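K.L.:
Start counting the sequence shown at 1; every next residue gets the next number (this note's numbering). Here a beta-carbon is modelled for each residue, glycine too, at the ideal position from N, C-alpha and C. Here the structure is a predicted model, which is why all the values come from computation and not from measurement. Take a look at this one; I'll ask things after.
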Amino acid sequence: MAHGTGTYSHNILSAWVDLGLIGFLGYLFLFASMGIALWRRWGENTKRGQMYWVASSIYIFTLVLMITSKDYTFMFFGFSVGLVAGILNTVNNPNRDVV
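Have a look at this one:
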């Protein structure tokens, strides 16, 4: 099926079109939970403090791009999920080295 100009949104709303209501809400929930996790770690003295700032920067960068110009399959979303998971792993296991 051919789509004309302007028929497909190139922002987070493309998840609504392709994933439906449940997928869209799940995607938003994951994005929001990453932001809340980073917000709660604000100011904590973690073992990898610089990685916290990298993860926060990538998260904000991805959030702005998703709202304005990229669809939900944009690769930085998975990258930011991995960085936030690494930060949480470092905070929850402070004696464990993270590469």
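Taking the alpha carbon of histidine 10 as the reference point, which residue from Phe74, Thr90, Leu88 has its own alpha carbon closest?
P.N.:
Along the sequence shown, one-based indexing puts residue 10 at 10. Taking only the C-alpha atoms, the option nearest histidine 10 is Phe74.
K.L.:
Report the rounded CA-to-CA distance for lysine 70 versus serine 80, giving the unit in angstroms.
P.N.:
Numbered from 1 along the sequence shown, position 70 holds the residue referred to as residue 70. Numbered from 1 along the sequence shown, position 80 holds the residue referred to as residue 80. Computed Cα separation, rounded: 15 Å.
K.L.:
Ordered along the chain, which non-local residues of its own chain (more than five positions away) have a Cβ less than 8 Å from that of isoleucine 87?
P.N.:
For this step, residue 87 is matched to residue 87 along the sequence shown. Same-chain partners within the cutoff: Ala37, Leu38, Arg41, Thr46, Arg48, Met51, Tyr52, Ala55.
K.L.:
Any chance you could list the alpha helix (DSSP H) runs of at least 4 consecutive residues sitting entirely within the stretch 9 to 43, in chain order?
P.N.:
The stretch 9 to 43 contains these whole alpha helix (DSSP H) runs: 13 to 40.
K.L.:
I'd like to know whether the C-beta atoms of phenylalanine 24 and alanine 15 end up nearer to each other than 8 Å.
P.N.:
Start at 1 with the first residue of the sequence shown, and residue 24 comes out as number 24. Start at 1 with the first residue of the sequence shown, and residue 15 comes out as number 15. Yes, Cβ-Cβ distance for phenylalanine 24 and alanine 15 is below 8 Å.
K.L.:
For valine 99 and asparagine 89, what's the separation of their Cα atoms in angstroms?
P.N.:
By one-based count along the sequence shown, residue 99 stands at place 99. By one-based count along the sequence shown, residue 89 stands at place 89. In this prediction, valine 99 scores a pLDDT of 49, lower than 50, which makes its location untrustworthy; the coordinate-derived value is nonetheless stated afterwards. Going from the Cα of valine 99 to the Cα of asparagine 89 covers about 11 Å.
K.L.:
What residues in its chain sit with their C-beta under 7 Å from that of isoleucine 12, if we drop five residues either side in the sequence?
P.N.:
Residue mapping note: residue 12 aligns to position 12 of the sequence shown, counting from 1. Contacts found: Met66, Ile67, Tyr72.
K.L.:
Looking at the unbroken alpha helix (DSSP H) that takes in serine 56, where does it start and where does it end?
P.N.:
Looking up residue 56 in the sequence shown gives position 56. Where serine 56 is concerned, the enclosing alpha helix (DSSP H) stretches over 49 to 68.
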